[in-house]
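Sequence positions in the sequence shown follow our numbering and run 5 to 487.
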Amino acid sequence: MNETMSPETKEKADLKAGAPAHTGANVVMPQAPNIEKSLLAMMTIDPTNIVSQCVSKGMTSDFFYIPAHRILWEIFRERYDKGIPIDVTSVMQQLADKKQLEAVGGPAGLTDVFSYTTNTGLFNLHFETLKEKYIRRSIILTANQASESAYTSEAEVDALLDETEQAVLKIRQSTDKGGEWKLSADIAAAVNNMERMMSSKGEVLGLTTGYPRLDSMINGLKGGELFIIAARPSMGKTSFLLNIMEHLALNVKKPILIFSCEMPSVQLVERLLYARSGVSKQQLLAKQGGLSKEDMKRLKYAINELRASNIVIDDTAAISIAELRAKARRVMRDHPDLCAIGIDYLQLMRSHTKQAQNSREREIAEISGGLKSLAKELNLPIIALAQLNRGPENRPGKNKGVPMMSDLRESGAIEQDADMIGLLYRMAYYAEDDEERENVGSDANLALSKNRNGPTGDIPLTFIPELMRFTPRIPRADEEEEG
Numbered sequence: 005m006n007e008t009m010s011p012e013t014k015e016k017a018d019l020k021a022g023a024p025a026h027t028g029a030n031v032v033m034p035q036a037p038n039i040e041k042s043l044l045a046m047m048t049i050d051p052t053n054i055v056s057q058c059v060s061k062g063m064t065s066d067f068f069y070i071p072a073h074r075i076l077w078e079i080f081r082e083r084y085d086k087g088i089p090i091d092v093t094s095v096m097q098q099l100a101d102k103k104q105l106e107a108v109g110g111p112a113g114l115t116d117v118f119s120y121t122t123n124t125g126l127f128n129l130h131f132e133t134l135k136e137k138y139i140r141r142s143i144i145l146t147a148n149q150a151s152e153s154a155y156t157s158e159a160e161v162d163a164l165l166d167e168t169e170q171a172v173l174k175i176r177q178s179t180d181k182g183g184e185w186k187l188s189a190d191i192a193a194a195v196n197n198m199e200r201m202m203s204s205k206g207e208v209l210g211l212t213t214g215y216p217r218l219d220s221m222i223n224g225l226k227g228g229e230l231f232i233i234a235a236r237p238s239m240g241k242t243s244f245l246l247n248i249m250e251h252l253a254l255n256v257k258k259p260i261l262i263f264s265c266e267m268p269s270v271q272l273v274e275r276l277l278y279a280r281s282g283v284s285k286q287q288l289l290a291k292q293g294g295l296s297k298e299d300m301k302r303l304k305y306a307i308n309e310l311r312a313s314n315i316v317i318d319d320t321a322a323i324s325i326a327e328l329r330a331k332a333r334r335v336m337r338d339h340p341d342l343c344a345i346g347i348d349y350l351q352l353m354r355s356h357t358k359q360a361q362n363s364r365e366r367e368i369a370e371i372s373g374g375l376k377s378l379a380k381e382l383n384l385p386i387i388a389l390a391q392l393n394r395g396p397e398n399r400p401g402k403n404k405g406v407p408m409m410s411d412l413r414e415s416g417a418i419e420q421d422a423d424m425i426g427l428l429y430r431m432a433y434y435a436e437d438d439e440e441r442e443n444v445g446s447d448a449n450l451a452l453s454k455n456r457n458g459p460t461g462d463i464p465l466t467f468i469p470e471l472m473r474f475t476p477r478i479p480r481a482d483e484e485e486e487g
């Protein structure tokens, strides 16, 4: 049959069979059968030491290419976990009970492993050999799958690149640490966090936001967390995000990455300059007496601060989650000390799969899940803005304009994926009359409605529209009574 195939058709058939492209289907996958047998034999000699080291180094059955050796590793590992000796007689009985004895070559095949001449002093060398062969096989399979998808998948190119990047990352992660090793590392990290809490004396453990009450409630921004800030249009959510990102870049002095799906990057930079300098756009446009010498000095200082900072802005409109993740990884490679990612805003992003694009709810679920996965992968906090539906405007009486989590558009997945959700609103926007508008003035509020690892509550704010800045404020008497 192959003689009548076109070169492209034959290559596809080879890929499905697991053979590398351009080499034919008869290529032998990377393997070391005798090294596998030698390592198994070491486990029969000194199981406590050898199996323990294999577990701590992250060995899985995938390290073994020979099916019989995979079975024996699983048996040896099971007996080690239960504290049962690894001897030829009881192992043979266990294999027989599981109807796996013939799969390992029968009694002769099992005896061959137990009697195989080896030296436990060669453990590290043998382990690294099997690890290398496993990685090579994984790379081949990943490349084959990527090639197959490139031939046949209808997904966008960005989605294919994202899937391939994730597959390669999984190979690295799977060989960097195993389950037990990861657990011990996580225990050490948890103990370290507890020790930091005890010695912090109330100080925030994560990155500060510039809003002390918010920092106290969430204990700062931490790696792996997804923070959703949601509001109706014209509430100032972009300004609030920029205020936090400005604080991280210019006060904490760490690189930041902002994805602006709605506003051109130059407009974001202008907003950063207004907020940082305290000089408004109205002052710049004024025909007379617009800027004093002090204003000019502050503006120049803010410009120099921004020039010296590591602020990366991507203003790709309707960016897909796959493209965003790929770009974030590249920025992380260029700036290893990147401290946070900001996104404006979630519903303006798009999915990279056709199935999700046919359902808005599924698309939002894919986007929010992708952002949470990216936060964990890069170990960074991600702050994403989101749009609320018209629910706040339809509430009666004094609750008019007050948002709730249920007002999140396509909210189910967002509520589930987010670690924190803050609902931003300005009281004056919904004031019924001038007296009420004067009473609330420029007051705003961030309602921390979800906080996975801490308390919820209100963060009182003041909005300065001409500077696009939110500042902390002391709660009014009526707010304290309501709280």
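No residue lacks a Cβ here, since even glycine has one placed at the ideal position from N, Cα and C.
Burial state of G55, where buried means 16 or more other Cβ atoms lie within 10 Å: For the purposes of this step, residue 55 is taken as residue 51 along the sequence shown, with counting starting at 1. Rather than Gly, the amino acid found at residue 55 in this sequence is Val. So V55 counts as buried.
Every unbroken alpha helix (DSSP H) inside the region 291–337 [4 residues or more]: If you keep only unbroken alpha helix (DSSP H) runs of at least 4 residues inside the region 291–337, you get 297–312.
Rounded C-alpha distance that separates K404 from F467: The residue labelled residue 404 in the question sits at position 400 within the sequence shown. The residue labelled residue 467 in the question sits at position 463 within the sequence shown. Distance between the alpha carbons of K404 and F467 is about 19 Å.
Element boundaries [beta strand (DSSP E), containing I347]: Against the sequence shown, residue 347 aligns to sequence position 343. Unbroken beta strand (DSSP E) run through I347: 344–348.
Residue nearest to M353 in terms of C-alpha spacing, selected from L328, C343, A344: On the sequence shown, residue 353 is found 349 positions in, with the first residue counted as 1. Cα-wise, what sits closest to M353 is L328.
Cβ-based burial, G374 [other Cβ within 10 Å; buried from 16]: Walking along the sequence shown from the start, residue 374 turns up at place 370. Buried, since its Cβ has 16 or more Cβ neighbours within 10 Å.
DSSP three-state assignment for L452, whether helix, strand or coil: Against the sequence shown, residue 452 aligns to sequence position 448. It is a strand residue.
Within 7 Å, strictly: CB atoms of V92 and F67: The count along the sequence shown starts at 1 and reaches residue 92 at position 88. The count along the sequence shown starts at 1 and reaches residue 67 at position 63. Their beta carbons are not under 7 Å apart, which means V92 does not touch F67 by this criterion.
Reduced DSSP category for R236 - H, G, I as helix; E, B as strand; rest coil: Counting from one through the sequence shown, the residue named residue 236 turns up at place 232. Coil at R236, not helix or strand.
Simplified DSSP assignment, three categories, for D18: As a first step, residue 18 is located in the sequence shown; it is residue number 14 there, counting from the start. Residue confidence is low: D18 scores 45 on pLDDT, short of 50, so the model does not pin down where it sits. No coordinate-derived value is stated.
Nearest-angstrom Cα separation, counted from G228 out to E381: Taking the first residue of the sequence shown as position 1, residue 381 is located at position 377. Taking the first residue of the sequence shown as position 1, residue 228 is located at position 224. Whole-angstrom Cα-Cα distance: 7 Å.
Three-way DSSP call (helix, strand, coil) for K181 in this model: Translated into positions along the sequence shown, residue 181 becomes position 177. Note that K181 has pLDDT 48, beneath the 50 cutoff, so the model's placement of it is unreliable and the number below is only indicative. Correct three-state label for K181: coil.
Within 7 Å, strictly: CB atoms of A321 and M472: By one-based count along the sequence shown, residue 321 stands at place 317. By one-based count along the sequence shown, residue 472 stands at place 468. No. Outside cutoff.
Within-7 Å CB hit, G373 to chain D: As a matter of chain content, chain D is missing from the structure shown, which is built from one protein chain.
Which residues DSSP lists as bridging G426, in chain order: Along the sequence shown, one-based indexing puts residue 426 at 422. I233, L452, per the DSSP bridge assignment.
Through-space distance from N455 to A422, alpha-carbon basis: In the sequence shown, the residue the question calls residue 422 occupies position 418. In the sequence shown, the residue the question calls residue 455 occupies position 451. Their Cα atoms are separated by approximately 9 Å.
DSSP three-state assignment for T460, whether helix, strand or coil: In the sequence shown, residue 460 corresponds to position 456, counting from 1. Coil.
Through-space distance from G461 to S539, alpha-carbon basis: Lying before the first or after the last residue shown, residue 539 is absent from the chain, which here runs from 5 to 487.
For S269, three-class secondary structure by DSSP: On the sequence shown, position 265 is the one that residue 269 refers to. DSSP places S269 in helix when its eight states are reduced to three.
Euclidean distance between Cα positions of Q57 and S157: For this step, residue 57 is matched to residue 53 along the sequence shown. For this step, residue 157 is matched to residue 153 along the sequence shown. Q57 and S157: Cα-Cα distance of roughly 41 Å.
Whole-number beta carbon distance between I368 and Q351, since they are thought to touch under 8 Å: If you number the sequence shown from 1, residue 351 lands on position 347. If you number the sequence shown from 1, residue 368 lands on position 364. Going by Cβ atoms, the distance from Q351 to I368 rounds to 7 Å, so yes, they are a contact pair.
Local conformation of D341 per DSSP, three classes: One-based indexing of the sequence shown puts residue 341 at position 337. Three-state DSSP puts D341 in coil, outside helix and strand.
DSSP-derived helix/strand/coil call for D101: By one-based count along the sequence shown, residue 101 stands at place 97. It is helical.
Per-residue burial, I478 [other beta carbons within 10 Å of its own, 16 or more giving buried]: Taking the sequence shown and counting its residues from 1, the one referred to as residue 478 is at position 474. With fewer than 16 Cβ atoms within 10 Å of its Cβ, I478 is classed as exposed.
Distance between G426 and P493 (C-alpha atoms, nearest Å): Residue 493 is absent from the structure shown; the chain starts at 5 and stops at 487.
Nearest-angstrom beta carbon gap, L225 and T213 [assumed within contact, 8 Å]: Mapped onto the sequence shown, residue 213 falls at position 209. Mapped onto the sequence shown, residue 225 falls at position 221. With a Cβ gap of about 6 Å, T213 and L225 count as contacting.
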